[in-house]
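Undergrad:
2 protein chains.
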Amino acid sequence: MNQDYIQPNEWSILEEGFDVERVKSSESLFSIGNGVMGQRANFEENYSGPSFQGSYIGGVYYPDKTKVGWWKNGYPEYFAKVLNAPNWIGVNVFINDEALDLFTCKKVEDFKRELNMKEGFHRRSFIATLPNEIEISVKATRFLSIVEDELGAIDFEIEVLNSDAEVRFEPYLDGGITNTDANWEERFWKTLEVKSEGNKGFVLSKTLKTEFHVNTYMQSEVLLNAEKQDVDFTETKTADSLTFSYSIKAEKGQKVSLRKYAGYVTDMNHKRSDLVEAASKVLDYATKAGFSKLLQDQKEAWEKIWEMADITIEGDVKAQQGIRFNIFQLNQTYLGKDERLNIGPKGFTGEKYGGSTYWDTEAYCIPFYMATKDQQVARNLLTYRYNHLDKAIENAEKLGFTNGAALYPMVTMNGEESHNEWEITFEEIHRNGAMVYAIYNYVRYTGDFDYIPEKGLEVMIAIARFWQQRVNFSEHRNKYVMLGVTGPNEYENNVHNNWYTNYLAKWCIEYCLETIEKVKEAYAEDYKRVMGKTRLNEGEMAKWREVAENMYFPYSEKHEVFLQQDGFLDKEIVPIADLDKSQRPINQKWSWDRILRSCYIKQADVLQGFYFFEDHFSKKELEKHFDYYEPITVHESSLSPCVHSIQAALLGRTKQAYEFYLRTSRLDLDDYNKEVEQGCHITSMAGTWMSIVEGFGGMRVKDDQLSFNPTIPEDWKTYSFKVNFRDQILKVKVSADKTVFYLEGDNAIEINVNGKAVELQPNQELEV
Amino acid sequence: MNQDYIQPNEWSILEEGFDVERVKSSESLFSIGNGVMGQRANFEENYSGPSFQGSYIGGVYYPDKTKVGWWKNGYPEYFAKVLNAPNWIGVNVFINDEALDLFTCKKVEDFKRELNMKEGFHRRSFIATLPNEIEISVKATRFLSIVEDELGAIDFEIEVLNSDAEVRFEPYLDGGITNTDANWEERFWKTLEVKSEGNKGFVLSKTLKTEFHVNTYMQSEVLLNAEKQDVDFTETKTADSLTFSYSIKAEKGQKVSLRKYAGYVTDMNHKRSDLVEAASKVLDYATKAGFSKLLQDQKEAWEKIWEMADITIEGDVKAQQGIRFNIFQLNQTYLGKDERLNIGPKGFTGEKYGGSTYWDTEAYCIPFYMATKDQQVARNLLTYRYNHLDKAIENAEKLGFTNGAALYPMVTMNGEESHNEWEITFEEIHRNGAMVYAIYNYVRYTGDFDYIPEKGLEVMIAIARFWQQRVNFSEHRNKYVMLGVTGPNEYENNVHNNWYTNYLAKWCIEYCLETIEKVKEAYAEDYKRVMGKTRLNEGEMAKWREVAENMYFPYSEKHEVFLQQDGFLDKEIVPIADLDKSQRPINQKWSWDRILRSCYIKQADVLQGFYFFEDHFSKKELEKHFDYYEPITVHESSLSPCVHSIQAALLGRTKQAYEFYLRTSRLDLDDYNKEVEQGCHITSMAGTWMSIVEGFGGMRVKDDQLSFNPTIPEDWKTYSFKVNFRDQILKVKVSADKTVFYLEGDNAIEINVNGKAVELQPNQELEV
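Chains as they are written, first to last, in full-length UniProt numbering: chain A, 1 to 768; chain B, 1 to 768.
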């Protein structure tokens, strides 16, 4: 744990006391989003202290020219990244002409922040003494509407405590923003027009190169003691910005507030020529409803989300707060309404990793969205990749593959590869397998096999082709080998025969062949279309089969474990427990070569394979592998502890599972990795959810049936979760002595609990 | 071959006809240098076409901030590179106010360039028709004096052919230059003062960060029909530049010329406060001597160099031109007078590779300098590394090594690592072995064992320490293994047990232990000092021995060859001959991952080891290894063909040896690698020399004796070379039927020819 200033609370993230050192961390933790746009919890008023400004629009990206020390053939020309968008939250505040700036105030007292996860808003309150000795009490509330997802709203309320004063609010829009994560310090935006219509303001901008057109807009109201006031205003325009200025006299003890409605409309959803009109409509909707009604709607909308997605934990407030924070942030990042969007590793909380799509989505996020949303949401995530198939084929062609083989990118916004580090970009190809695994996982869970003939099969064929071309036959071993890859454990680069990758490749081919048979039988039309389009023939499939049947897997007879890769036994194996603490985290303390030749594992690699293909192995085999690899795993990826938590639970090691759970669920709140200032680890939050549902709850799907194997950590009284399984909602509540199941819906279903079949009647509790 | 415009000639590099497409290539090929400074063959007068401006001062460097896509722990903060220095060659020319600019002339005829290697100058002549229809004949001669190495001289002669005209010469100095190879497009120089004293001009500059102070200076004379004229001049100063303007009327058919003396004096050799005075002295020396005398001195000085270093080839003009070009460029780059200087891979002909020091010096250049210069020159090269020992220890510490272990940098100017690509910087550690091999090679050749107790041993101990710490014990193999390295074949990264590196490591330790014994016996004083300083004890040496005795070497029983690295047999082995030509060079056609997993070898790796340690293996073993690796070697490093040429000659495959020789000797002249515009491959030129002396000549040193085993390529009538062996000069002339030896000096020596001992009497020919 690296910080512990977040107050434990079941439903809110709370901070008390103002500390400039914590501003950037809190800007990440208190981020808000609505699945379409999101922003760091920057202050509305000017703040001259250290801060990391960020406001992001899902799907709006910029191709930043690649920066690289030594160019390698095949590197992409640019890195497509989500970019800091024009600022609409700004409200500068002056009291008797003195600017409010928490960095320069004489005193800041009673500073509180709340991220209200239940109702979906961010609130900040404090009492500040300005340099001119005026003391004010401030309460600023802000949210991004999930009902009207182009809209945000701010209520900035001030009470002057020690005298009468003139309060001046200056709400503004600013298109002249910069990106922290810019390779060449270039500007990414061009402001096209700064425009006002009455008290409506608009800044029309476009991203350079990609030409996304965005209209950032605002409209404000001034209130005195909660009564709307008719206040004159002036406006100031610059090339990039628009500021309205509202002045109002407040007597001591009176409350004045500015309500600002603002947001973005983009040409992803509107015609370019309609952007002002579209924004104006949203503003009319907002001002008509008013702040309170909008907030009420927000609360109700979040209630609905929580109704389905909530996990309760009794007896452990920090664990409860942790899991809700994870669920809340996931929902802020992606709500599954738009198949063009995806889940960036930092969501809308920072710029690291370019805000782009990684294999995290397929490997970690799909289960959460499948179980807590309508199954269309997961289908949209699959379709996102289906829509990128042509680009994935182009990407493979750039690397010398042929015949429609596809390599999905490591990092992408638009389907093209953005990453430029050869050992990742060209070699961390296991990501391709995750695309297929996600399809398999989706069909297993939802039963929606139709997706495969419709879309999935084309992806699967292109990926099977890739694997077959990517291996080569080793005469020496009389097997197919896969040279030069990087597994999920990125602390090994350019290894040969990474077990996970080889296993996944073999499985992808076999699953594809098996699926082709099914489609052939049951979807003749689709079969014909796909086979025609892909020109797949028996000869090629025979080659695939040959590879799958003769794939090489490194194995140690002595340890009875599959080896992470060739040569693993040449390493010096020293358990992490024996490594001096001063050496950790090794990614900060050791040079890269030392990390590479050490035995230490960044994240589950062989065990990731055992997680994906649990039913291919016995529990005893799992145990052997867990005991071999876990002691040398440093979990320096946020994606690692969850898999270990689930496997420890399966092995009956509840205490260890709980330790891994804690590490994943409060990773950001307690800033385990000393980097929360850069943003939150959004995608791994889905792993936290899995730790509970699949880990402690032991939920699995097999043969169209749910099964459970519940355990509970010692400190917990109960925990509960809900899953949507094929349009029926199942609530599971676990305590030490029993598990209670409650099924919503119309039909009885059979589930399996601790190995025994159990029939659940709808709308009826069942205790096991 | 990619270009063939260079005219064959035994003593000169010649170009005929003006082609804007060839300008950058010729700027590289016609580069001049004097071991202290050097420059690309840029035109003196303004040229508005594509050009790559470069003028370099040995040892003056700039630490350019590292540019990297994804930072890895251990990367250096900057890349120290030789930088483009202020321009002193500039002479703008106006005829009746019309600027001479070959890019905009109406006509350019009879364009000729000559790099006169015998006499050491560059000359360019042409007839140009200016836009104003005036036709002029120009002859511009330039050289950098190797007699007075701070001085350069230009004679720019013009004859107006079709009318009388006013000729205006504007010689200038310009400190406002930029670097083509700048990571962040920053300026590297600050101009401190622009100053004139009469017709002497000075631009005082310093490099930013490193604060090298450089005074760039000039003085000019105007001549009419070879008579010095007293011409008035005006001067123009800007913040960075100084221009003198001389106008003279020339009648049709008269020759006017400007003679410019110019160059650099730096605070590497003078007090900062004396830089103007020092420059002024050089100018007085130059103007007093005059251009013709300076050129005569130059010719004589080069005669002396050629007297010792020349290799003649009768019957093959292109081969003759090639070898002389190599010898000439090596001498232009490094003359061995200053132990602070070294041999950059591009010398003074370009900016690629930072102009810095690589292992090329130790592995490839030392033999040339040992044999063609006084042995002090090679000693200076060794001392250069000795002086960097502390930095090499710091460098190793950064990577986690302790106890005085040293890792010499991959790329350096001042002893610190500059390179930033983990697979090279941290892993291409065989370079450390080359440092020790160079000491061994030097002592073997010169007999100067004193160097070891004096300096070499400390380096050897620090490197032995590194190897012992760098390996780890593999229980699995019951041997020491070396994980995560890159061998000389950079088309493999992060491999395990690279045979060459392991072999070199073992040898370094053994040679160090053996040497310590010798020093202990014969240099008691030094022994005590070194052991005290390094705190080396028996216990540590026992550990070294343990490692050396139990080092693992990958070997294939089936092929009876040492394997380049672990897992090499898993590759698909397809001889280069079977690879479609359209796929080559693979470094331009293939993505990096494909190169890595292919079997193709960039440059000699196992064979490099066989070259270094030829007497450790039988000829039969060499043959096996040569036949295994050569067919899959693509020679995409300039350092590769020479080793193969030597080994092919040793195996009696003279024809193949000749093919490799051609490839190395005319690499730049014929632009085999399509990159000569960036500069010449200086360090590999020493390999060309080895191809003849060690390859065809079969020269070796063993037990303080020279041996020869001459062969001759079919097309050659004779070839001859000279070597300085322990202060006696031996000339060897080989023809198909005999070899003639001629020994200069006072004492008879015994040599070995074709396996038989032969006694050579001084100053007497001996035919074998």
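Cβ coordinates follow ideal geometry from the N, Cα and C atoms, glycine included.
#1: Could you name the residues of chain B that residue 66 (chain A) contacts, counting a contact when the two beta carbons are closer than 9 Å?
#2: Assuming residue 67 (chain B) is part of the beta strand (DSSP E), what are its boundary residues?
#3: Could you give the residue range of the alpha helix (DSSP H) that holds residue 511 (chain A)?
#4: Could you name the residues of the stretch 475-486 of chain B whose beta carbon sits closer than 7 Å to any beta carbon of chain A, in the order they occur along the chain?
#5: Which class does residue 209 (chain B) belong to by DSSP, given the choice of helix, strand or coil?
#6: Which complete beta strand (DSSP E) runs does the stretch 363-392 of chain B hold, if anything under 3 residues is left out?
#7: Thinking C-alpha only, which one of A:537, A:548, A:45 is nearest residue 168 (chain A)?
#8: Using a beta-carbon distance below 8 Å, is residue 567 (chain B) in contact with chain A?
#9: Mind checking residue 437 (chain B): buried by the 16 CB within 10 Å criterion, or exposed?
#10: Closer than 6 Å by C-beta to residue 159 (chain B): which residues in its own chain qualify, once you throw out the five before and the five after it? Chain order, please.
#11: In the DSSP assignment, what residue or residues form a beta bridge with residue 202 (chain B)?
#12: Following the continuous alpha helix (DSSP H) through residue 644 (chain A), name the residue where it begins and the one where it ends.
#13: What separation, rounded to the nearest whole angstrom, lies between the Cα atoms of residue 118 (chain B) and residue 29 (chain B)?
#14: Closer than 9 Å, Cβ to any Cβ of chain B: which residues of the stretch 420-446 of chain A, in chain order?
#15: Cβ atoms of residue 633 (chain A) and residue 682 (chain A): under 8 Å apart, would you say?
#16: Within the stretch 608-643 of chain B, note down every full alpha helix (DSSP H) run reaching 4 residues or more, in order along the chain.
#17: Taking the alpha-carbon of residue 219 (chain B) as reference, which of B:155, B:248, B:210 has the nearest alpha-carbon?
#18: In chain order, what are the residue ranges of uninterrupted alpha helix (DSSP H) at least 4 long that sit wholly in the stretch 519-559 of chain B?
#19: May I ask you to report which of helix, strand or coil DSSP gives residue 712 (chain A)?
#20: Kindly indicate which residue of B:368, B:334, B:372, B:370 has the alpha-carbon position closest to the one of residue 355 (chain B).
#21: Quick one: Cα of residue 53 (chain A) to Cα of residue 174 (chain A), how far?
#22: Verify whether the separation of the beta carbon atoms of residue 730 (chain B) and residue 706 (chain B) is less than 8 Å.
#23: Which of the residues in the stretch 310-330 of chain A, read from start to end, lie with their CB under 7 Å from any CB of chain B?
#24: Assuming residue 103 (chain B) and residue 20 (chain B) are in contact, meaning their beta carbons sit under 8 Å apart, how far apart are those beta carbons, in whole angstroms?
#25: So the alpha helix (DSSP H) residue 294 (chain B) belongs to, where does it begin and stop?
#26: Where does residue 488 (chain B) sit, in a helix, a strand or coil, going by DSSP?
#27: Along chain A, which residues have their Cβ under 9 Å away from the Cβ of residue 465 (chain B)?
#28: With a threshold of 8 Å between beta carbons, is residue 545 (chain B) in contact with chain A?
#29: Could you check which residue in A:485, A:460, A:385 has the C-alpha nearest to that of residue 421 (chain A)?
#30: DSSP three-state label for residue 24 (chain B), please.
#31: So is residue 375 (chain A) buried or exposed if we call it buried at 16+ other beta carbons inside 10 Å?
#32: Taking 8 Å as the threshold (C-beta atoms), are residue 725 (chain A) and residue 766 (chain A) in contact?
#33: On a CA-only basis, which of B:309, B:200, B:77, B:216 is nearest residue 207 (chain B)? Give me that one, please.
#34: With distance defined between alpha-carbon atoms, name the residue in A:694, A:723, A:717 nearest to residue 769 (chain A).
#35: In angstroms with no decimal places, state the Cα-to-Cα distance between residue 386 (chain B) and residue 529 (chain B).
#36: Taking only beta-carbon atoms, is residue 602 (chain A) less than 8 Å away from chain B?
TA: So, to answer that:
#1: 69
#2: Element bounds for residue 67 (chain B): n/a, residue is neither H nor E.
#3: 499-522
#4: 476, 477, 481, 483, 484
#5: coil
#6: none
#7: A:45
#8: yes
#9: buried
#10: 137, 255
#11: B:195, B:217
#12: 640-650
#13: 15 Å
#14: 420, 421, 422, 423, 424, 425, 426, 427, 429
#15: no
#16: 619-629
#17: B:155
#18: 524-534, 538-549
#19: coil
#20: B:334
#21: 12 Å
#22: yes
#23: none
#24: 7 Å
#25: 291-309
#26: coil
#27: Going along chain A, no residue has its Cβ under 9 Å from residue 465 (chain B), so there is no contact; the nearest lies around 16 Å.
#28: no
#29: A:485
#30: helix
#31: buried
#32: no
#33: B:216
#34: Here chain A comprises residues numbered 1 to 768, so residue 769 (chain A) is not present and cannot be evaluated.
#35: 16 Å
#36: no
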